[in-house]
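I have placed the structure first, in the form of structure tokens, so that the comments after it can refer back to it.
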Amino acid sequence: MKFLLPAFVCLTALPAHAQGLNGEDTPSNWRVTHTERFGIWESLCDERTEPAGLHQRCYIRHVDVFSPRPAFGALFTFVHRPKGTLEVEFGLEPGTLFGPNGFRIEKDGAVMWRTRRPGCLTGVSCTFAEEAAQEVIGVMAAGGAVRLEFRDRHGAAQDLTWPLEGFAAALADFESESAKRNIQAGG
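If you count by the working numbering, then the sequence shown holds residues 9 to 195, one letter each, in order.
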């Protein structure tokens, strides 16, 4: 499975729930209907026809391929509404290891937010929903930078900074485009 993540991130760069109708991890028949870049952050919407009708969704993403092949490494962030409420998903490769203070948001030299969730610090699963997602999104929208200090799945030390400049504008665009498609409560 850990060998599939690099291909998945490079080929699709879509949320983990972006599967073909038969369940494969491919971009399938999604058609992009909106894309706007705000610094490193992208606000996108896409759609496809499913047996139940037209399925539309919008999301914010950032994909960081921090190491090329042969020691490929990538992390990503998605803000989306898979079940009607906001989620922030940090995509980490299995084998990624953070120290207790290595996964944080800083602004003007101060730590504004950090996670110590075991799944986030070990590359297992790192998704924040409902109130926890609102908290992360609020801190991200206030600016600063996401700071990620970790050992990647190959054992190499990594130190990444994702500027949050543009995130608030991406969030506003995401909300506006979601409203236009009437997907505030789902998608």
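All C-beta atoms in this analysis are idealised placements derived from N, C-alpha and C, irrespective of residue type, glycine included. Predicted, not measured: the structure shown is a model, and the values here were computed from it.
Taking all protein chains in view, the Cβ of H70 is crowded by 16 or more other Cβ atoms within 10 Å, so the residue is classified as buried.
L62 counts as exposed, since fewer than 16 other beta carbons sit within 10 angstroms of its beta carbon. Taking a contact to require three or more Cβ pairs closer than 8 Å, the stretch 122-135 and the stretch 167-176 do not qualify as touching. Cβ-Cβ separation between S51 and F182: approximately 5 Å, consistent with a contact (criterion under 8 Å). In the DSSP annotation of this structure, S36 is not part of any beta strand (DSSP E), being labelled neither H nor E.
G152 is positioned such that its CB atom lies closer than 8 Å to that of M120. Here E114 carries a strand assignment [DSSP, helix/strand/coil]. Counting along the chain, G151 sits inside no beta strand (DSSP E), nor does DSSP assign it H or E at all. Remark: C-beta atoms of L156 and F86 do not approach each other more closely than 8 Å. Residue state for L129 is assigned as helix, using DSSP reduced to three classes.
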